[in-house]
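Numbering (UniProt numbering), first residue to last: 1 to 404. Input: a single structure, listed below in structure tokens.
As structure tokens, this is what we get:
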């Protein structure tokens, strides 16, 4: 099966985990495989150098307290995996015995941007960014630039990653940093209950929002649930966000190459073509379809797009500006009737052909960007919206705006 690619996820089916060529799409890790992988296996310097980019990539790590974030961070900061990672922890207390493993602790000079950085024996660095802003993180990393290939930022268990991802993605003060992806760790034992929880105002829970904004999900603690429960969890997660890469793990053990260099916010067709929707074999061509769950509050709709003319592209760009930036849904300059409040978008992805030129759409919350695609891919033109009150009517609006 070395040349196969992952099956597209249908929310009515539990997706199978398949093996693929590691030079193409990353393997989906099964529990036994993950457990068998040596924790101390070092990566060769050549493999590390392949991941070096002009800017230092950032991975946001989210997940409920107790899901396994600390276990993953402990692996990053203690094992000889070969990566030089700066870990920005929300609180040192969330990870056991890190300070005792440090080689040195920088001085308390307030003028030193590297103050507060711990140097670890495996070549990684860590710091606490509690109460610090993006600029402070950028300054600390810049001071250690020759020692850092990657940055992992841990979010609190109750954090909504959407506004944080938006800040890291769009902030002009980022300098030498760029957002690569959002990784979410979930507790397979408790995630179904956490998904069905709601805020006091009836809006989706933090767990739902974390899953909706993630690019990768680690279904952790798989050794503590039955195969039937694990399949139910997989389907529930895919119902919220069918664009995810899903890995099943035990004690958060996974090769870091599965989490890094995903370019989920880059203008790369691979960031779109690996969206695991099921348009091609379960829905009528040309019509949007929606994934959801009766109690989630967060749904996904995927809208197939034809090749676009320059005029149609301009119309689509106008639609995205009005909808994502201003929260307006208009057809022929008239508001579209929507039951209750209009949709709230958490994540936008898209791929389109405009007069033969490939373009990629990326968005988080109320920001989006369209760039020429980098490299070539076989992605089918489409728009994917993930958020609240999202349904197939968005496809009707898009087609009306495009005149198709």
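Built from N, CA and C at the ideal position, the CB exists for glycine as well. Just so we're clear, the structure is a prediction, and the values are computed from it rather than from any experiment.
- In this structure, residue 207 lies near residue 191, with their beta-carbon atoms less than 8 Å apart.
- Beyond the five residues adjoining it in sequence on each side, residue 166 comes within less than 8 Å, by CB distance, of 364, 365, 366, 367 in the same chain, given in chain order.
- Under the 8 Å Cβ criterion, the region 335-347 does not count as touching the region 224-239, having fewer than three qualifying pairs.
- In the structure shown, residue 247 adopts extended strand secondary structure according to DSSP, grouped into three states.
- Boundaries of the alpha helix (DSSP H) around residue 213: 206-213.
- Looking at the backbone, the Cα of residue 256 and that of residue 249 are separated by about 12 Å.
- The Cβ neighbour count for residue 150, taken over all protein chains shown within 10 Å, is at least 16; the residue is labelled buried.
- With a cutoff of 8 Å on beta-carbon distance, residue 402 and residue 303 are scored as not near each other.
- The three-state reading of DSSP puts residue 150 in strand, counting E and B together.
- Taken in chain order, the complete alpha helix (DSSP H) segments of 4 residues or longer contained in the region 308-372 are 310-320.
- By alpha-carbon distance to residue 372, the top candidate from 353, 330, 387 is 353.
- Within its own chain, the residues whose Cβ lies closer than 6 Å to the Cβ of residue 319, once the five positions on either side in sequence are excluded, are 401, listed in chain order.
- Boundaries around residue 168 are those of the alpha helix (DSSP H), 161-170, since no beta strand (DSSP E) includes it.
- According to DSSP, residue pairing for residue 181 in a beta bridge involves 59.
- With contacts defined by Cβ atoms closer than 8 Å, residue 59 and residue 155 do not form a contacting pair.
- C-alpha of residue 324 to C-alpha of residue 121: approximately 45 Å in a straight line.
- For residue 387, there is no enclosing alpha helix (DSSP H); the residue is found in the beta strand (DSSP E) stretching over 382-388.
- For residue 240, the enclosing alpha helix (DSSP H) stretches over residues 227-240.
- In chain order, 189 place their CB closer than 6 Å to the CB of residue 224, counting only its own chain and leaving out the 5 sequence neighbours on each side.
- Using a Cβ distance threshold of 8 Å, residue 88 and residue 124 do not count as a contacting pair.
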